[in-house]
Amino acid sequence: MDFKEYKEYHESFMQNNNGTTAFHTFLTIVPSFFTTFLYTLAVATNTFTCISIPMQFLQEFVILVVPVIASVTILNDFMLQINIALLVVCLPLFIFHMKDRVHIEPFIQIPTRPMQYLTVGRSVVNLLTCLCILAVDFQIFPRNLAKTETFGYGLMDTGVGLYVMINGGVSAEARKQKHEKLTLMRVKKILIGTSPLIFLGLIRFFLVKEIDYQTHISEYGVHWNFFMTLASVKLFGSLLLEMLPSPKYAHYMAITCLCLHEMSLQLGLSQYVMNADVSRETSFINANREGIVSIPGYVSIYLLSIWLGSQIQFHGKDTIRPKELLNVVGKITFISFFLWKMIYVCDKMFGTSRRLANMGYCFWITSLGATMIVLFMLLEIFILFVKFDQKELNQGQNERKSESNANIKQLDRLKYVPLIFEAINYNALLFFLVANLMTGAVNLLFQTMLLSDVASLSIIGYYAFTLLMIMVFLYENNIKLKFW
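Letter 483 of the sequence shown, counting from 1, is numbered 1649 in this note's numbering, and no numbers are missing.
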């Protein structure tokens, strides 16, 4: 098949997808929690002892990455059974290790910096996104997980939304107790902060046009792309936040913005975006209506994530007790349940659309992100219970040291984040950029849609291995690449 025919075939194959269900999407994502649970428990109990960095990398790749690849390819039809099996394995292990440790809760100290559960959550989102952007170009990737054409739930639909949410939750804005007064200098600083994303968006557009790379226009539009959406969200989200006294009020701004956005969609904006008869050649706005119209929805997700991030801040404390973190877990769990209920309410009323970033989509993304953060919070509490050194505490007490001094000595040993996740988080944007470049290279070298399942899995596996190996090399050598 020649280049032009294959390009048309590839683009047509990506069209008219109606997706799957919100629950199936969650089932595809949540195995990453179970595998992280099993691996971190094995390390905490010295089941795995890594002699070298290469050996640790191989262990983590097999246990943490290979299952994700399988979940989005050959095993996706069995996600319910796989999750039940993983739960059956993990739940008894949790009970076994906790039953004799509940009494030590007063002695456990959880470091507030860094928040390791956010590191894990952010890395899982990045890993899943970067695996899917290549896997979707192969026939082995289930079509119901690809981006939906108009309304519906697809795993690929979560990519930009979860990326916005997880980065909002760990941003500097979420950590502030109060915001600075909005001045021209502050606006200039915000503009400078978003300029690299705009630059990356322009570079991507020109590269795609130059090599005539296959694109699905209904994703963002003709000129718009992922980086331009991120830049717009960062710009408008930051400006709106500056109008508030504290990030703890960001949810009010988010709900207001989301309601106005949904009202506009219902008053005709939705039909304008979805109408295929509207020519893309008449104006820049018409050409990029998906990307432009969806901005208020993504800004709402960003503001909600800022608010959620502000709820897990413990200002003035270096460590907290498990009960304090469990109180936050309970609050976010309640919010998550409410949002899951709202998904189905919105689905009946308006539908769920990534192209519009409407209310249903925003609630769906926020509920997914909040649920995963809750799970990783619980994992952190569990791992710190398992890693607690009772002997050292007793020794410290015998030497008449304070409990805090005895516990502080353990903090360096309480790090549990896998090497691969640390490496992804260390160069998060670079990880995504390299993944995009490698995805483009694979698509230029191979006609991916025509490859067998074995060849497809081999290429996806080699891509993931190489990408992560680069990130681990940079992390181990303290090379943090930042261009701004």
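All C-beta atoms, glycine included, are put in the ideal place defined by N, C-alpha and C.
Predicted, not measured: the structure shown is a model, and the values here were computed from it.
Item, Value
"Of the residues V1399, V1620, F1372, M1322, the one placed nearest G1457, counting alpha carbons only", "V1399"
"Range of the contiguous alpha helix (DSSP H) that encloses A1607", "1594-1611"
"Beta-carbon separation (whole angstroms), A1312 vs G1320, contact threshold 8 Å", "6 Å"
"Neighbour-count burial assignment, Y1418, 16 or more Cβ in a 10 Å radius", "exposed"
"8 Å Cβ cutoff met for I1498 and I1539", "yes"
"H1176 burial status per 10 Å Cβ neighbour count (16 or more: buried)", "buried"
"Beta-carbon separation (whole angstroms), R1520 vs T1314, contact threshold 8 Å", "6 Å"
"DSSP three-state assignment for I1276, whether helix, strand or coil", "strand"
"Cα-Cα separation between L1470 and L1406, rounded to whole angstroms", "12 Å"
"Complete beta strand (DSSP E) runs within the region 1344-1396 (minimum length 3 residues, chain order)", "none"
"I1486 (DSSP reduced to helix, strand or coil)", "strand"
"Three-state class that DSSP yields for T1295 in the structure shown", "helix"
"Start-to-end residues for the alpha helix (DSSP H) that takes in M1637", "1619-1642"
"Straight-line gap, L1193 to I1248 (C-alpha atoms, nearest Å)", "9 Å"
"Cβ-based neighbour list, I1574, same chain, cut-off 6 Å, excluding 5 preceding and 5 following", "The predicted model places I1574 with a pLDDT of 48, which falls under 50 and marks its position as unreliable; any figure quoted below should be read in that light. Closer than 6 Å at the Cβ level, and outside the excluded window around I1574, lies no residue."
"Proximity to H1269 [Cα-Cα], best of F1551, F1214, N1609, M1635", "F1551"
"Span of the alpha helix (DSSP H), counted from its first residue to its last, around I1261", "1245-1264"
"Local conformation of G1562 per DSSP, three classes", "The predicted model places G1562 with a pLDDT of 46, which falls under 50 and marks its position as unreliable, so this point remains unresolved."
"Contact check, L1494 vs Q1477, beta carbons under 8 Å", "A small correction: the amino acid at residue 1494 is Val; Leu does not occupy that position in the sequence shown. Closer than 8 Å, so yes."
"Sub-8 Å separation of I1274 and R1455 beta-carbons", "no"
"Burial state of M1180, where buried means 16 or more other Cβ atoms lie within 10 Å", "buried"
"Integer Cβ distance of V1234 from S1198, believed to fall under 8 Å", "6 Å"
"Cβ-Cβ distance between P1277 and T1485 below 8 Å", "yes"
"Residues near V1196 in its chain [Cβ-Cβ closer than 7 Å; skip 5 each side]", "N1249"
"Residue range of the unbroken alpha helix (DSSP H) whose run includes V1268", "Note, V1268: premise wrong, no alpha helix (DSSP H); not H, not E."
"T1186 - DSSP class collapsed to helix/strand/coil", "strand"
"S1384 classed as buried or exposed, judged by whether at least 16 other C-beta atoms fall within 10 angstroms", "buried"
"Reduced DSSP category for Y1418 - H, G, I as helix; E, B as strand; rest coil", "helix"
"S1460 to L1426 span [Cα, whole Å]", "12 Å"
"Three-state secondary structure (DSSP) of Y1319", "strand"
"Span separating the alpha-carbon of G1387 from that of I1549", "45 Å"
"K1514 in three-state terms, based on DSSP", "helix"
"C-alpha gap between L1207 and L1544, whole angstroms", "13 Å"
"Residue environment, A1453, which counts as buried when at least 16 other CB atoms sit within 10 Å", "buried"
"Whole-angstrom distance between G1334 and L1363, CA atom to CA atom", "15 Å"
"Neighbourhood of N1183 by C-beta distance below 8 Å, restricted to the same chain and skipping five residues each side", "R1309, N1310, A1312, K1313, T1314, E1315, G1318, G1320"
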